[in-house]
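Per the UniProt record's numbering, numbering of the sequence shown is gapless, rising by one per residue and ending at 1260. First up is the structure itself, then whatever we jot down about it.
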Amino acid sequence: MEVCVWNGMARRGCISIFQELSPSVPCYTIRWQSLSPDVLPTDCYESFMGQGHWYGGGLTRGGNWPLETESFPFAPFITGDAKRQQWGNVLKRYFISSRGVAIQVDEKSPLYVSMNDNKSGEMCFRAKHDHFAFVNRLTPLPELKYRICTSDNMRQLHQQMTQQSLWDGLKEHDINVVHSLLEEPVWQIPSSGGKGITGDSIHNYTERVIALGFLRLGHVLVNEFWQRHIGDFTLETERFPNLEETVTILHRRGFRIVFSVQPYISTDSDNFAQSVAQKLLVYERQSERSIPALTRYKSVASAGVLDITNNASIPWLIEKLEKIQKTYKIDGFYLDFGTSQNMPHYYQCNKTLYNPDQYKTIFTTALEGVISVIGVSSAVTVPRPPAFVSLPPVNSSWEGLRTVVTSALTYGIIGYPFIMPGPIGGDYLLPPSASNETVSFYFMEEPPLPDQELYLRWMQLATFLPVIRFTHLPSEYKSELIMEAVKELTLIRQKAVIPLLKKYLSDAMNEGLPLIRPLWMLDAQDTACLYVNDEFSIGEDLIVAPILEKGQLQREVYLPQGVWKDGIDGSLRKGSRWIHNYRVPEDKDFKIKAFVACLFLIIVFLVGYAYIMYNQQVLARSYFDRVKLNKGQRVIGIYNEKGVLMVTGRLGTTIHSEKAYHCLTNNTLEDGSVCLEWDGKARMYLNFQELSPSVPCYTIRWQSLSPDVLPTDCYESFMGQGHWYGGGLTRGGNWPLETESFPFAPFITGDAKRQQWGNVLKRYFISSRGVAIQVDEKSPLYVSMNDNKSGEMCFRAKHDHFAFVNRLTPLPELKYRICTSDNMRQLHQQMTQQSLWDGLKEHDINVVHSLLEEPVWQIPSSGGKGITGDSIHNYTERVIALGFLRLGHVLVNEFWQRHIGDFTLETERFPNLEETVTILHRRGFRIVFSVQPYISTDSDNFAQSVAQKLLVYERQSERSIPALTRYKSVASAGVLDITNNASIPWLIEKLEKIQKTYKIDGFYLDFGTSQNMPHYYQCNKTLYNPDQYKTIFTTALEGVISVIGVSSAVTVPRPPAFVSLPPVNSSWEGLRTVVTSALTYGIIGYPFIMPGPIGGDYLLPPSASNETVSFYFMEEPPLPDQELYLRWMQLATFLPVIRFTHLPSEYKSELIMEAVKELTLIRQKAVIPLLKKYLSDAMNEGLPLIRPLWMLDAQDTGLDLIVAPILEKGQLQREVYLPQGVWKDGIDGSLRKGSRWIHNYRVPEDKVAYFMKMPDNTRF
């Protein structure tokens, strides 16, 4: 609807109505078109204090808060120096009133603003063309366009108006930089007018920082005087002769180096003439780009300005900055471009700007993502993190200190969550004779050492701001008071402030909500909060009321609604009231008034609910804000921050008692846990832990107090409540987990064809509802899924006679943590995050690359009878004859020995192995032997190991009887006791002798699963469970001998060891198991997986039951069916490792050979580069290389290739789902749109369905 206003014969303006921002926030857009030169569209709104308070816009010349307490005539709404112009360095065309009214002016309107001009009691907006700010006329006559929105809830209105996501285009590095800026100081090197800054002064300053001993290291900020002249963009080598060496030293010590850069080029710089010649500079209006427009900036009397709307300017600048960054290993840059007032007065760019402020937006956007930007000096739009927006430079005075608070509040309100204050003590010292209005952003030296009281109060304030920045160090005072106070403030920041800043980081990133908030954002209905301008909050948990006046030892403090804990004396104070004459002694170390919010517990009784709802909901008590627990029925509900129920569980299901009591004092813990006890049956501890600001976790620990109580907790698993993944491969091989059903089974590794769980496990489960559960490794864990069609996944602690026979506690204890997040992928990353770099050598990385790039050739053993030195030689000759497959690792199984456990070569079958290995090395192969911790009773080593007590022994035998087991083809074997200090050195000595004698390149650790341990095993040292054996075994050999793979795991082995998928039958069912296993093992945190050979590990006789086959020895399968081999090869092409036993040449088929050649080319050109690209994700965070589709989304950098293999015999078409985006078909090269199914997609026998992600801007 449009309403038009007329005046005589001329239309004055049109009002467009109506837009709804949300159901509770109606908006009205008003647009004025002037039709006469004598009409300047002007609208005014009441601003006198009786009509509410106004906030926003930016910092004003008077620095007043709220806005209506100031008075000024119409001024152009552009950035400037608030000491000389009306507005400060950071603006947003957004204003909000405590009456629930918000105004947002269109960025193209030539906006002038006035407040209370001539005591009018109005805030007015005007559209006006002029000769500088709005000289570029986008319309012949000025137009004013804005929207005005209303709501009964001021806070909700503000959130709707400023809502913005800052995630777009962000990389992991960017988030890390944000965290480092919150956690670590910025050290601004004193420049002494640019004369004193040198490589030595940087080194000396950082030495003094290190000498403090209690302040964390961080970013070292070097201002523009790393160059001789602004705009050189090259290092001045006279003052920095060894900067590369200095930076290397600083990096080793934990510092990051940041250079300040400007878009200005001094006329004294060699680059000035070049930039003029290439027309890279902003030019004088009306000069036809022939005359550069000059300006003054800081100490530079005359400089040109890069024209960033010219397509050549930004690449020219980026090339120079990247060269600096690469040469001197600089970590990032600070963009110091002044304000609009620093633009030449008669500027003209290649492309028309709305106003001079648009310059900095274009400049910042052009550099984001290309170079690392940690801060900007001015802004009118929010820069992409990790760039923080600087507060304005302030005088080293009490007035300057007060400006810091007002600036921080104002910038947060207008949508800038990430703010960077200036250094503690101020940016400059105004000479007593100078007027405040004569000082701008032009260069002044850093202030001398501030007055001690001012420095201390400034440090107190800075402790609670997002970034803390130093020029003067506390050690300069040579004062014990200062040093002790700063130490205590540092501790407060680390323990209280940084966790809160990180907690509310998600609010800032997702919605643009400020980290530093005015009190009215806590309670907008409380009128007292509306005009408090010298207090602020961090999120909703902490209030700060700093001392801002010289000599002040007491102040008025207002507390909003709630109960607050006094940060000085620890007392509790009720909110919604003033504290008068609150004392803040100067000699008190903790001199800031910080109030930490206590949890406000509310129970609401609603009449008319049914009995069950009364018990489950009304009697449920809130714990840690988002957990509700009905103590009687022990029903738990965990909610997200929006109050949405994430998961429901039944706790303590084996406890037959409803009455719960608070624990006695001697049974409580001092870690903040809630402790409840049920009538001597069981005791439960509930605690809160924040994994990250967006991932809250709750630890639940059950102690059984009675033999008839097995701690058991169950969580909903039926499909309507989301899908569950993780744990490991199950007997049914189902995906997701809830599609399977099984009773309680011990959570230990086994053969998933005979036991409930497979060869690789992790006590980690994740739901698509954004819930993850991680069970403590010491809990004797049993798990069930949908037992008796319960629709629940249950965890139980239970001692038994094998898996959990070693009782770590008299009665079983169950301990786990349950974490939630609205983002399933982010939750998964947080829960499985791990670095695999520790202790790695260059050789290890090379082995990882070779396994990704080259096949593993598993020598056929024919039951161990046929494998000889000659068979290895002949097999590798046939590999070489193929001509197109790369060479790689030759894997020889355990039959390089006569008996398992000999650990010596059988020379009858390998008479010339040393010579054979030398030949294979020359041809490019690597040789790997499989080893086991078992010693056959037929081996000569058995008697020796029994005599030396090197073996696991029978329980109750006092180490006199070795415990025996069966493994593969060995009917009877002992097991090395790796908890015995003598066993590992004994084994390593034998393996190193083999490696040295025959030049073996590495070993494959084949230790079976927990089920292969002797049933009545007992080790020298107590194990949590039999799975701990393989962890200790692997860890003991890592770094001593080269291990390329392990057959089973419950913890991630250190690379280059890959974890094997379980052995599978040479059948279509076996092929499908490979996919499920690869997905499952990736999800539970094993990025480096090694599938079995193409075609399967064995062939199950038709008469045999699947359950009779385990890891016990069976011969390799005969040559598989041609179709099965081809489909298996197609799948294996896209897995991390490709492994052969049967060679494609055995088929004597041109179809097979040509198909394998094509697949080899696909792997080399498309797959291997992607595996290596995401190697860093795997090494840094443990993220899988092979990922399920739910780990992918439109913002995911890992969304590059999707594989949809054929897994059924005779199948020539299948259903394919493509996630969001544009995809290139790997078969026909066509482009396909995502977020949809492709039905009946045709896949010929010699082709594989795969799709490559195209750039986001790809068009059909």
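No residue lacks a Cβ here, since even glycine has one placed at the ideal position from N, Cα and C.
Excluding the 5 residues flanking residue i on each side, which residues of the same chain have their C-beta closer than 6 angstroms to its C-beta?
i	result
residue 1013	1026
residue 1194	Here the model assigns residue 1194 a pLDDT of 34, short of 50, so the residue's position is not dependable, and the following value carries that caveat. 1220, listed in sequence order.
residue 616	Note on residue 616: pLDDT 40, under 50, position unreliable in the model; the coordinate value appears next. For residue 616, where only same-chain residues beyond five positions count, the Cβ hits under 6 angstroms are 630 and 635.
residue 909	868
residue 999	917
residue 815	701, 776 and 779
residue 787	743
residue 141	34
residue 1071	1128 and 1207
residue 1196	Confidence at residue 1196 is low in this model, with a pLDDT of 44, below 50, so the placement of that residue should be treated as unreliable; the coordinate-derived value is given next. Cβ within range, chain order: n/a, list empty.
residue 65	406 and 533
Can you tell me the Cβ-Cβ gap for residue i and residue j, rounded? I've got them flagged as a contact below 8 angstroms.
i	j	result
residue 793	residue 742	With a Cβ gap of about 10 angstroms, residue 793 and residue 742 do not count as contacting.
residue 1264	residue 584	Residue numbering for the chain in the displayed model covers 1 to 1260; residue 1264 lies beyond these limits and cannot be assessed.
residue 231	residue 303	7 angstroms
residue 767	residue 722	5 angstroms
residue 692	residue 525	That pair is no contact at about 32 angstroms.
residue 1044	residue 1057	6 angstroms
residue 1050	residue 1088	Wrong, their Cβ atoms sit about 15 angstroms apart, outside the cutoff.
Specify, as a first and last residue, the run of the beta strand (DSSP E) that residue i falls within.
i	result
residue 927	926-931
residue 54	54-60
residue 677	674-678
residue 981	Where residue 981 is concerned, there is no enclosing beta strand (DSSP E), given that its DSSP letter is neither H nor E.
residue 715	712-716
residue 26	25-33
residue 630	627-630
residue 699	695-704
residue 43	42-46
Looking at C-alpha atoms only, which residue of the options is the closest neighbour of residue i?
i	options	result
residue 1217	1250, 1227, 1208 and 890	1250
residue 684	692, 695, 696 and 705	705
residue 199	180, 226 and 176	226
residue 1263	883, 889, 913 and 884	An answer regarding residue 1263 cannot be provided, because it is not within the stretch 1 to 1260 covered by the chain.
residue 795	1203, 808 and 776	776
residue 559	547, 535 and 312	535
residue 79	246, 150 and 337	337
residue 920	903, 1055 and 889	889
Start and end of the alpha helix (DSSP H) containing residue i?
i	result
residue 204	199-212
residue 1328	Lying outside 1 to 1260, the shown extent of the chain, residue 1328 is not represented and no answer is given.
residue 455	452-462
residue 1128	1122-1132
residue 942	940-947
residue 270	270-277
residue 1030	1028-1037
residue 1169	1168-1173
Excluding the 5 residues flanking residue i on each side, which residues of the same chain have their C-beta closer than 7 angstroms to its C-beta?
i	result
residue 498	182 and 183
residue 1244	1212
residue 982	948 and 950
residue 864	Its pLDDT being 48, under 50, residue 864 is placed unreliably in this model, and the coordinates cannot settle the point.
residue 489	459, 460 and 463
Which same chain residues, not among the five before or five after residue i, have their C-beta less than 8 angstroms away from its C-beta?
i	result
residue 620	Annotation note: pLDDT 46 at residue 620 (below 50); position unreliable, coordinate value reported separately. So the qualifying residues of the chain are 628, 629, 630, 635 and 637.
residue 1241	1204, 1213, 1214, 1215, 1216 and 1249
residue 442	Bear in mind that the predicted position of residue 442 carries a pLDDT of just 43, short of 50, making it unreliable; the figure below should be weighed with that in mind. Around residue 442: 296, 297, 298 and 299.
Along the chain, which unbroken stretches of the beta strand (DSSP E) at least 3 residues long are found entirely within the segment 1049-1088? 1058-1060
At 3 residues or longer, and completely inside the segment 315-400: list those beta strand (DSSP E) runs for me, N to C. 332-335, 373-376 and 388-390
Ordered list of beta strand (DSSP E) runs contained in the UniProt domain "Glycosyl hydrolase family 31 C-terminal" (1183-1253), each at least 3 residues: 1201-1204, 1213-1218, 1222-1225, 1231-1233, 1236-1242 and 1249-1253
Going residue by residue through the segment 730-780, where are the continuous beta strand (DSSP E) segments of at least 3 residues, counting only ones entirely within it? 742-746, 757-767 and 771-775
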